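Protein chains in written order, with the working numbering: chain A, 6 to 473; chain B, 499 to 748.
A virtual CB, placed ideally from N, CA and C, is assigned to each residue, including glycine.
Because the structure is a prediction, the values reported are computed rather than measured.
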């Protein structure tokens, strides 16, 4: 990378962009007509249009969240955002049919290589819609449905109608309302009873155009006794103007099912990432959010799990890296609604160069939920005195039989650790990188090994040039 | 028989301070290849300061005198450059590195010191051989560096690094303290394996390590100076008589 380029994009490796060749691009700005136009362009059934319009009005009336970063939220100019941009006329199942520059982009972010080696299926979304999609035949023949959400609605309207908005209603918060109004793309994944999807499936979300708003909507249904690992990655070009990413993700793990949802979020710093993710866990099921937030200027995201069925289990491993001009306001919410449910929350954050990380957590045990267990561990690592870390844990415990543990720590890299590592041949920057990688190890060990390696590289790039 | 001695380290009359307090008050020492120099003395005599200043700990200032390593002034080298130039310090209190696996740490360290990538297979073989020499269990390499290690395990990991990194100058800061006799023998095996190719400074309180590692010279430090140097006999005498007789001399 030239010095000039580095100056513009900093140490962000994915800050490049393709020339825009949209087939449809809406003018910036939001209105009921924009919402209706999106629905019309997609030839949606009327019930979906109605949901969208209703959500739009709720969005207009709804107040901004008062938590997170109200200053930044207040300054979002919703009229300066593009709400729909179509890059190709259809989702392709052969890369050869995807425009070359888009192919190259997904090459550069590493998706195509992963597709060929260890993924069961992928969806590649570019701005508003999926441009490429594939699924292994063996999964398809077992009845696994993996589609982009628009295709999901077209091909399985009854399933979508039954579950859409049931986990995250449009009235949940302002940004859930916005997403419901203007959603486009995302994944629809259904795993039939008893099917175990051995290879992970992945969605990749790429924003390319300037001032883009990306509003993907994802619904994952794991039927009884099934299991799946879904991975999402995201990157965007570095622009000086704001882009908005506001997704809604709904998961339902039916009796005895297991869903693992892994995120490697690496947006450029001009992206505001305001996402609502929630899961319902039925009897004896397991839901795991493995959530990393490395990029974006502001992220507000608190993956939630409602433990609705007896014996269900929630696991949230969340890591955040807040560098220069970044605020990661993240955490987890677990609601124990049934007896004998268990949860584990591990949150790890690093703040550097004036970056700010916030843990915001909610643990709730309902009165009738007997014999629940929960463990929460929050660790923050500060790499310099200019950075900031805050923890806001909330607990509402309505049943005295609950067994709860909560540990929190804020630490700094010690001079002794640095000296020790440097005495073993590591430069100060390499030493910091090792310490940071080690700090995030509880997260990376949950990732497929290729992604763990990628994640560590990513962190090392973030550490570059930051010391001295 | 040594045909000619190759000088590795030369310390010429150094004075060292920590936060304005002088700890080392004029110390000179020359180490040649293949030589083991034992440095003995009470707590607070400046032994660990010497180890730290040689490795370049930023808290220690050399206020006068000079150290050369292979005839080059050491002062110009950063800590990691000293490691890459073949210096090694076995820490009295090695740091805990949470989440960093021993295997990863060792491989990266070898690569950093040698300045080139090492094939996974070669590394595995080297590691297996070194761990066998030191009677270490394979489960070691997937543990986090020094995290939850006993004192003895920490020292063994230091010696494992010593054996893998094959330094030209090894400084062992009280590597023998807290070890039982079996561990002491194993640690000595590691030291003896690198000695022929390296100069070695062994800082210790006890004579017993020197039963397993043959010292060419024994130096006694009191109040920031070497007050007495001699052969292995000196260590025996210290064991029997303590340091008081030397303090009178000093």
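With 16 as the cutoff for other CB atoms within 10 Å, does residue i come out buried or exposed?
i, result
"residue 250 of chain A", "buried"
"residue 203 of chain A", "exposed"
"residue 57 of chain A", "buried"
"residue 370 of chain A", "buried"
"residue 75 of chain A", "exposed"
"residue 679 of chain B", "exposed"
"residue 610 of chain B", "buried"
"residue 69 of chain A", "exposed"
"residue 458 of chain A", "exposed"
"residue 346 of chain A", "buried"
"residue 97 of chain A", "buried"
"residue 294 of chain A", "buried"
"residue 698 of chain B", "buried"
"residue 738 of chain B", "exposed"
"residue 132 of chain A", "buried"
"residue 79 of chain A", "exposed"
"residue 748 of chain B", "Low local confidence applies: a pLDDT of 47 at residue 748 of chain B is under 50, so the model's placement there is unreliable, and no value is given."
"residue 401 of chain A", "exposed"
"residue 639 of chain B", "buried"
"residue 654 of chain B", "buried"
What are the residues that DSSP puts in a beta bridge with residue i?
i, result
"residue 369 of chain A", "A:340, A:401"
"residue 723 of chain B", "B:720"
"residue 377 of chain A", "None; residue 377 of chain A has no bridge partner."
"residue 209 of chain A", "A:129, A:238"
"residue 303 of chain A", "A:277, A:332"
"residue 589 of chain B", "DSSP output for residue 589 of chain B lists no bridge partner at all."
"residue 671 of chain B", "B:701"
"residue 530 of chain B", "B:505"
"residue 296 of chain A", "A:268, A:323"
Beta carbon of residue i, beta carbon of residue j: below 8 Å?
i, j, result
"residue 266 of chain A", "residue 226 of chain A", "no"
"residue 189 of chain A", "residue 155 of chain A", "yes"
"residue 302 of chain A", "residue 327 of chain A", "no"
"residue 725 of chain B", "residue 716 of chain B", "no"
"residue 548 of chain B", "residue 565 of chain B", "no"
"residue 594 of chain B", "residue 558 of chain B", "no"
"residue 217 of chain A", "residue 248 of chain A", "yes"
"residue 460 of chain A", "residue 269 of chain A", "yes"
"residue 374 of chain A", "residue 354 of chain A", "no"
"residue 331 of chain A", "residue 363 of chain A", "no"
"residue 579 of chain B", "residue 560 of chain B", "no"
"residue 252 of chain A", "residue 61 of chain A", "no"
Compare the C-beta of residue i with all C-beta atoms of chain A and state if any pair is closer than 8 Å.
i, result
"residue 741 of chain B", "no"
"residue 578 of chain B", "yes"
"residue 589 of chain B", "yes"
"residue 688 of chain B", "no"
"residue 559 of chain B", "no"
"residue 667 of chain B", "no"
"residue 659 of chain B", "yes"
"residue 601 of chain B", "no"
"residue 500 of chain B", "Note that residue 500 of chain B scores a pLDDT of 48, beneath 50, so its modelled location is shaky and nothing firm can be said."
"residue 598 of chain B", "yes"
"residue 515 of chain B", "no"
"residue 506 of chain B", "no"
"residue 581 of chain B", "yes"
"residue 552 of chain B", "no"
"residue 615 of chain B", "no"
"residue 655 of chain B", "no"
"residue 595 of chain B", "yes"
"residue 730 of chain B", "no"
What whole-angstrom Cβ distance do residue i and residue j have, given they're in contact under 8 Å?
i, j, result
"residue 195 of chain A", "residue 164 of chain A", "7 Å"
"residue 121 of chain A", "residue 206 of chain A", "Rounded, the Cβ-Cβ distance is 14 Å, inconsistent with contact."
"residue 581 of chain B", "residue 428 of chain A", "6 Å"
"residue 676 of chain B", "residue 649 of chain B", "4 Å"
"residue 243 of chain A", "residue 271 of chain A", "Wrong, their Cβ atoms sit about 12 Å apart, outside the cutoff."
"residue 692 of chain B", "residue 642 of chain B", "26 Å between Cβ atoms; not a contact."
Taking 8 Å as the CB-CB cut-off, is residue i touching chain B?
i, result
"residue 463 of chain A", "no"
"residue 460 of chain A", "no"
"residue 269 of chain A", "no"
"residue 421 of chain A", "yes"
"residue 69 of chain A", "no"
"residue 470 of chain A", "Reliability fails at residue 470 of chain A, whose pLDDT of 49 lies under 50, so the model's placement of it is uncertain and no value is given."
"residue 326 of chain A", "no"
"residue 400 of chain A", "no"
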